[in-house]
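Student: Dropping a structure here in structure tokens format, bear with me for questions.
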Amino acid sequence: MENDFDIGALREAVAKGRIHWHQHALERFLERGISRAEIVEAVMHGEVIDLYPTDRPYPSCLLLHIETEPVHVVAAADPAARICHIITAYRPDLEHFEPDFKTRRKQS
Numbered sequence: 002m003e004n005d006f007d008i009g010a011l012r013e014a015v016a017k018g019r020i021h022w023h024q025h026a027l028e029r030f031l032e033r034g035i036s037r038a039e040i041v042e043a044v045m046h047g048e049v050i051d052l053y054p055t056d057r058p059y060p061s062c063l064l065l066h067i068e069t070e071p072v073h074v075v076a077a078a079d080p081a082a083r084i085c086h087i088i089t090a091y092r093p094d095l096e097h098f099e100p101d102f103k104t105r106r107k108q109s
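Take any residue in the sequence shown, count from 1 to its spot, add 1: that is its number in our numbering.
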């Protein structure tokens, strides 16, 4: 799936500190007990588990990273400005995801 999304551009931007932290994301991080360092780790080492190619202004992706607790991060890359946009992050739960935290459960 990563071949369909330029994860390299996203990671390069983060490695260079070129991160735009959206206000919504920062508010959610505080509420959910997720640190900026954990988000950076997720972008740098996480697995792309879903793509949102029609998101605007830039296509985005959903990353999963599990260190002590699983975290999902939605991020987008602005290739022209070489900036990573952090849209949101949350802890996936078993109500919405299978135990692999990659597969969405079918909602009835």
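By construction, the Cβ of each residue, glycine as well, lies at the ideal position given by its N, Cα and C atoms.
For Lys107 and Leu52, what's the separation of their Cα atoms in angstroms?
Tutor: The residue you call residue 107 lines up with position 106 of the sequence shown. The residue you call residue 52 lines up with position 51 of the sequence shown. Between Lys107 and Leu52, the C-alpha separation is close to 18 Å.
Student: Give the list of continuous alpha helix (DSSP H) stretches no shorter than 4 residues that lie fully inside the region 26-75.
Tutor: Taking only runs of at least 4 residues, the alpha helix (DSSP H) segments lying wholly in the region 26-75 are 37-46.
Student: On a Cα-Cα basis, can you pick out the residue from Ile20, Gly34, Asp94, Phe6 that is closest to Val49?
Tutor: Position 48 of the sequence shown holds residue 49. Closest by alpha carbon: Phe6.
Student: Exposed or buried, what is Glu99 when buried is set at 16 or more other beta-carbons lying within 10 Å of its beta-carbon?
Tutor: Walking along the sequence shown from the start, residue 99 turns up at place 98. Counting Cβ neighbours within 10 Å, Glu99 comes out exposed, since fewer than 16 surround it.
Student: How do the region 54-64 and the region 20-37 stand: do at least 3 beta-carbon pairs fall below 8 Å, yes or no?
Tutor: Contact between the region 54-64 and the region 20-37 is absent, because fewer than three Cβ pairs lie under 8 Å.
Student: Just to confirm the assignment, what range does the beta strand (DSSP E) spanning Ala90 have?
Tutor: Within the sequence shown, residue 90 is the residue found at index 89, counting from 1. Where Ala90 is concerned, the enclosing beta strand (DSSP E) stretches over 84-91.
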